[in-house]
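If you read the protein sequences in the order shown, they are chains A and B.
Residues 77 to 333 (my numbering) are what the first sequence spells out, left to right.
Residues 290 to 769 (my numbering) are what the second sequence spells out, left to right.
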Amino acid sequence: MSTTGHLIEVEGLRKSFGDTAVLEDVGFTASSGTCTVLLGPSGSGKTTVLRSLNVLETPDAGVVRIGEAAVDFGELPRDKGLRRKEIRDLRARSGMVFQSHNLFPHKTVLGNIVEGPVQVQGQSPEEAEAEARRLLEQVGLAGRETAYPAQLSGGQQQRVGIARALALKPDVVLLDEPTSALDPELVGEVLAVIRDLSQQGWTMVIVTHEVRFAQDVADQVLFLHSGVVAERGGAEVLTDPQQERTQQFLRRVLEAR
Amino acid sequence: MIVVLGLAVVGTPGATAGDEQDRPVLRVGTEGTYPPFSYEDGGDLTGYDIDVMKAVADEAGFDVEFVEAPFDALFPALDSKRIDVIANQVTINDEREARYLFTEPYTFSRGVIVTATDTDDITTLDDIEGKVAAQSETSNWAQVARDAGAEVQSVEGFAQAAELLVQGRVDVVVNDNIAVLDYLASTGSTEIEIKGQVDDEISKQALVFRQADGDLRDRADAALKKLAADGTLAEISEGYFKADVSVEDGGDVEVEGSGGGRSTWEVLQDTAGPMLVGVLKGTIPLTIISFVAGLAIALGVALARMSSVKALRLPARFYISLIRGTPLLVQLFVIFYGLPQIGIKLPGFPAACLALSLNVGGYAAEIIRGSILSVPRGQFEAATTIGMPYRQLMRRIVLPQAARIAVPPLSNTLLSLVKDTSLVSVVLVTEVLREADKAASLTGEFLPLYCLSALYFWVICFALSIGQDKLEKKLGRYAV
Ligand SMILES: Nc1ncnc2c1ncn2[C@@H]1O[C@H](COP(=O)(O)OP(=O)(O)O)[C@@H](O)[C@H]1O
Ligand SMILES: [Mg+2]
Numbered sequence: 077m078s079t080t081g082h083l084i085e086v087e088g089l090r091k092s093f094g095d096t097a098v099l100e101d102v103g104f105t106a107s108s109g110t111c112t113v114l115l116g117p118s119g120s121g122k123t124t125v126l127r128s129l130n131v132l133e134t135p136d137a138g139v140v141r142i143g144e145a146a147v148d149f150g151e152l153p154r155d156k157g158l159r160r161k162e163i164r165d166l167r168a169r170s171g172m173v174f175q176s177h178n179l180f181p182h183k184t185v186l187g188n189i190v191e192g193p194v195q196v197q198g199q200s201p202e203e204a205e206a207e208a209r210r211l212l213e214q215v216g217l218a219g220r221e222t223a224y225p226a227q228l229s230g231g232q233q234q235r236v237g238i239a240r241a242l243a244l245k246p247d248v249v250l251l252d253e254p255t256s257a258l259d260p261e262l263v264g265e266v267l268a269v270i271r272d273l274s275q276q277g278w279t280m281v282i283v284t285h286e287v288r289f290a291q292d293v294a295d296q297v298l299f300l301h302s303g304v305v306a307e308r309g310g311a312e313v314l315t316d317p318q319q320e321r322t323q324q325f326l327r328r329v330l331e332a333r
Numbered sequence: 290m291i292v293v294l295g296l297a298v299v300g301t302p303g304a305t306a307g308d309e310q311d312r313p314v315l316r317v318g319t320e321g322t323y324p325p326f327s328y329e330d331g332g333d334l335t336g337y338d339i340d341v342m343k344a345v346a347d348e349a350g351f352d353v354e355f356v357e358a359p360f361d362a363l364f365p366a367l368d369s370k371r372i373d374v375i376a377n378q379v380t381i382n383d384e385r386e387a388r389y390l391f392t393e394p395y396t397f398s399r400g401v402i403v404t405a406t407d408t409d410d411i412t413t414l415d416d417i418e419g420k421v422a423a424q425s426e427t428s429n430w431a432q433v434a435r436d437a438g439a440e441v442q443s444v445e446g447f448a449q450a451a452e453l454l455v456q457g458r459v460d461v462v463v464n465d466n467i468a469v470l471d472y473l474a475s476t477g478s479t480e481i482e483i484k485g486q487v488d489d490e491i492s493k494q495a496l497v498f499r500q501a502d503g504d505l506r507d508r509a510d511a512a513l514k515k516l517a518a519d520g521t522l523a524e525i526s527e528g529y530f531k532a533d534v535s536v537e538d539g540g541d542v543e544v545e546g547s548g549g550g551r552s553t554w555e556v557l558q559d560t561a562g563p564m565l566v567g568v569l570k571g572t573i574p575l576t577i578i579s580f581v582a583g584l585a586i587a588l589g590v591a592l593a594r595m596s597s598v599k600a601l602r603l604p605a606r607f608y609i610s611l612i613r614g615t616p617l618l619v620q621l622f623v624i625f626y627g628l629p630q631i632g633i634k635l636p637g638f639p640a641a642c643l644a645l646s647l648n649v650g651g652y653a654a655e656i657i658r659g660s661i662l663s664v665p666r667g668q669f670e671a672a673t674t675i676g677m678p679y680r681q682l683m684r685r686i687v688l689p690q691a692a693r694i695a696v697p698p699l700s701n702t703l704l705s706l707v708k709d710t711s712l713v714s715v716v717l718v719t720e721v722l723r724e725a726d727k728a729a730s731l732t733g734e735f736l737p738l739y740c741l742s743a744l745y746f747w748v749i750c751f752a753l754s755i756g757q758d759k760l761e762k763k764l765g766r767y768a769v
């Protein structure tokens, strides 16, 4: 579909819940290995954009392409099987990290991580476990394999959540406010892990209000406002926004810190 | 001869007139709780009617299989072809003659009026107008009492009726004099007495067949005539009553009492064994099968109820509402006595399992649905993002979490089920309570026998609740 060489292409994304239009023509592109930061006031549609990339939400119109998988939501196939397959293929390209981690409480740390690779991708348990241990080491949780989520701190839980998303080897990692639900003293450990991922070349789209962190990792910044991209640019946008409402928003966020 | 006890599974194809020429297997319905006509002595079915039936079978060339059930279940069982003949002192009357085929009578007896000893104002049928009578609902004596203007309270057999009289809960019982004499002799009771005769008319009891089985009736009839002629009937009767009740004027009846003068303790000892068999062959397998099948039904219905497809949702809602909105007893009756009328005939045990499973299914479906709904949305989403299709997501992520939430309420359903199994004697399946009834009908020891059966139920439920604790711990281990 595209020859631009971008890994992610989003075009004309539209979504309403009932009468309220939440996304109105959102579009952006991102190259492989880059980090895209989504910013914007609460309710501006950031989560909906991320969920659309993973098709947890089905947009009313627009095109999402990640790598070779593309879905045109305005023209979904009539055939149910075909539609499912398109969506499944697109979904498999991204891994999701939730604000409230959503770990499986009845499975151990290791069980959470190998669930997708073994049950969905059909990897052998041995192979998947070896990879899971490697990932746990990477997120600084070696030795906690047999713990249950409820036995971990919030920061540790979120790091397991990241490992779970990485285990499926997605092209893109989507992170929706990964530190917002954490106590302040736990935020650092999670951000450190994400910064690490960025350095390793993972392609990421991340919603965060941590402006200083965003300055470090962002290759591209998108300001969302009422369902449209109000301003976009490189990390410099964060220090020198052009638009009035972007300036206002950043002032408020920085004051709150 | 096979006395069908425990699981009265009526599996063998019954006799149908004309089909089987030589030795048809006749399924004989009888109470087993109506001494001295039909009762159990040390676990063996015996009594005047039983002996007569066996003699008739020998003479006519039938094989017989006895099926025990409360009196009020006997005619429905005959109608639904679960039994072929009733041998239980069925009195010949006009209504019955219009619907069924009787043989020649093998008992001539008188109806008597029984009241508590201190009741003085009831000595004739005229006196029972407006009084409360305890009777088997479908018996001839119930009709007699009703015709005389009494209000009839339905009971399961004469022993229960007698107990209600003793307790002063009813005013009068109308019954066959022999059964009353036997009860008085067995229990030594001085609290109730025969106060009068029903009327001058002598009532006649005979074997009853379905209208379509004229051939079987004729063969039984011929056999009865022969047995009367050669003195066999008189001999059987003398053995039980010291008189010949098979003819109109056979002398005064004398009975020793079939209960046999045992002490309460001995009665309990004698009954504990059969009751345990009732637990092992009735209560426990019924519970296990019905619960497992019921859960499977419930899961399917719960998922259908939550489906986005209306054609699945509506029937599921209807099923749940139907099961929860109707009595279990009615469900049992519909399946056991109703379905045969449209050609679906299940033996007692499978019918009981089906009814109980459907019942569990209806209640557990709502529990399972509620449990699934209480699994956080984030769990569905997390499973979806790692690429799980619906079935896998349900099986691996949602249901294990729902199970933990569902265990306590489902345990309640299980305990209710254990206790509900005591209803199934109405569909000819023997379980604990039925064994207690049988023993009580001979001895009148209601309190100790019912307490013993309560003990059995309580032990089962206690064991199950220990199991529930263990399961909850196991499922809850991940929650700190
Ligand atoms: N499932 C939903 N049903 C109805 N409204 C929704 C739903 N999800 C989100 N919204 C609304 O859409 C808007 C954007 O939501 P969201 O994408 O979560 O914003 P953000 O993540 O930027 O705070 C909000 O006004 C929210 O209330
Ligand atoms: Mg959000």
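Heads up, the beta-carbon is just placed ideally off N, CA and C, and yes, glycines get one too.
Quantities reported herein were computed from a predicted structural model and do not represent experimental measurements.
Assumed close pair residue i, residue j - CB separation to whole angstroms, cut-off 8 angstroms
i, j, result
"P193 (chain A)", "L126 (chain A)", "About 22 angstroms; that fails the 8 angstroms criterion."
"R509 (chain B)", "T392 (chain B)", "Looking at the sequence shown, residue 509 (chain B) is not Arg but Ala. Yes, they are in contact, since the Cβ atoms of A509 (chain B) and T392 (chain B) sit about 5 angstroms apart, within 8 angstroms."
"S754 (chain B)", "G446 (chain B)", "S754 (chain B) to G446 (chain B), Cβ: 33 angstroms. No contact."
"L99 (chain A)", "T124 (chain A)", "6 angstroms"
"A653 (chain B)", "A561 (chain B)", "Their Cβ separation, rounded to whole angstroms, is 33 angstroms, which puts A653 (chain B) and A561 (chain B) out of contact at 8 angstroms."
"K531 (chain B)", "E348 (chain B)", "Not a contact, Cβ separation roughly 24 angstroms."
"S170 (chain A)", "L250 (chain A)", "5 angstroms"
"A145 (chain A)", "L166 (chain A)", "4 angstroms"
Per-residue contacts from residue i into chain A (C-beta, under 8 angstroms)
i, result
"A691 (chain B)", "Going along chain A, no residue has its Cβ under 8 angstroms from A691 (chain B), so there is no contact; the nearest lies around 10 angstroms."
Partner residues on chain C for residue i, Cβ-Cβ distance less than 7 angstroms
i, result
"F93 (chain A)", "Any reference to chain C falls outside this structure, whose protein chains are A and B."
Beta-carbon neighbours of residue i, restricted to chain B and to distances below 7 angstroms
i, result
"M172 (chain A)", "T674"
"H182 (chain A)", "P689, Q690, Y767"
"A168 (chain A)", "G676"
Identity of the residues DSSP links to residue i by a beta bridge
i, result
"L315 (chain B)", "B:V353"
"M172 (chain A)", "A:L250"
"C111 (chain A)", "A:M280"
"A495 (chain B)", "B:V379"
"H285 (chain A)", "BP columns for H285 (chain A) are empty, so no partner."
"D465 (chain B)", "B:G400"
"H301 (chain A)", "A:V304"
"L89 (chain A)", "A:V102"
"Y328 (chain B)", "B:T322, B:T335"
"R141 (chain A)", "A:E85, A:A146"
Proximal chain B residues relative to residue i, where beta-carbon distance stays under 9 angstroms
i, result
"V215 (chain A)", "Per Cβ cutoff of 9 angstroms: no residues; V215 (chain A) is ~17 angstroms from chain B at best."
"R164 (chain A)", "G676, P678"
"G191 (chain A)", "It is Glu, not Gly, that sits at residue 191 (chain A) in the sequence shown. Under the 9 angstroms cutoff, chain B gives A672, I675, M677, R685, I686."
"A137 (chain A)", "Neighbours of A137 (chain A) on chain B: none; closest Cβ ~22 angstroms, over 9 angstroms."
"R235 (chain A)", "The premise fails here: R235 (chain A) is roughly 15 angstroms from chain B at the closest Cβ pair, so nothing lies under 9 angstroms."
Contact set between residue i and chain A, taken where Cβ atoms lie within less than 7 angstroms
i, result
"Q681 (chain B)", "Q195"
"G667 (chain B)", "F174, S176, N178"
8 angstroms Cβ cut-off: residues of chain B touching residue i
i, result
"L244 (chain A)", "I675, G676"
"L132 (chain A)", "E670, T673, T674"
(request) Count the C-beta pairs between the stretch 635 to 645 of chain B and the stretch 668 to 683 of chain B that are closer than 8 angstroms, then say yes if the count reaches three, no if not. (result) no
(message) Please output, in chain order, the residues near ligand 1 using a CB cut-off of less than 5 angstroms to any non-hydrogen atom of the ligand.
(response) Qualifying residues, in the order they occur: A:F93, A:V98, A:S118, A:G119, A:S120, A:G121, A:K122, A:T123, A:T124.
(request) Flag this pair as touching only if the stretch 311 to 321 of chain A and the stretch 268 to 281 of chain A have three or more C-beta atom pairs under 8 angstroms; answer yes or no. (result) no
(request) Decide if the stretch 379 to 388 of chain B is in contact with the stretch 492 to 503 of chain B; the criterion is three or more beta carbon pairs, one per stretch, under 8 angstroms apart. (result) yes
(message) When you compare the stretch 288 to 302 of chain A with the stretch 103 to 120 of chain A, are there three or more beta-carbon pairs, one atom per stretch, that lie closer than 8 angstroms?
(response) yes
(message) Within 8 angstroms, do at least three Cβ pairs link the stretch 316 to 323 of chain B to the stretch 364 to 380 of chain B?
(response) yes
(message) Quick test of the definition: if touching needs 3 or more C-beta pairs under 8 angstroms, does the stretch 642 to 660 of chain B touch the stretch 567 to 578 of chain B?
(response) yes
(message) Could you check whether the stretch 660 to 673 of chain B touches the stretch 172 to 184 of chain A, counting it as contact only if at least three pairs of C-beta atoms, one from each stretch, sit closer than 8 angstroms?
(response) yes
(message) For the structure I just gave you, are there three or more beta carbon pairs, one from the stretch 691 to 703 of chain B and one from the stretch 649 to 667 of chain B, closer than 8 angstroms?
(response) yes
(request) Taking 8 angstroms as the threshold, find out whether the stretch 395 to 409 of chain B comes into contact with the stretch 524 to 538 of chain B through three or more Cβ pairs. (result) Short answer: they touch.
(message) Whether or not the stretch 420 to 431 of chain B and the stretch 441 to 459 of chain B are in contact is what I'm after, with contact meaning three or more pairs of Cβ atoms, one per stretch, closer than 8 angstroms; do they touch?
(response) With the cut-off at 8 angstroms, the stretch 441 to 459 of chain B and the stretch 420 to 431 of chain B touch.
(request) Inspect the CB distances between the stretch 497 to 505 of chain B and the stretch 470 to 480 of chain B and report whether three or more fall short of 8 angstroms. (result) no
(request) Determine, using beta-carbon pairs with one atom in the stretch 705 to 715 of chain B and one in the stretch 344 to 362 of chain B, whether at least three such pairs fall under 8 angstroms. (result) yes
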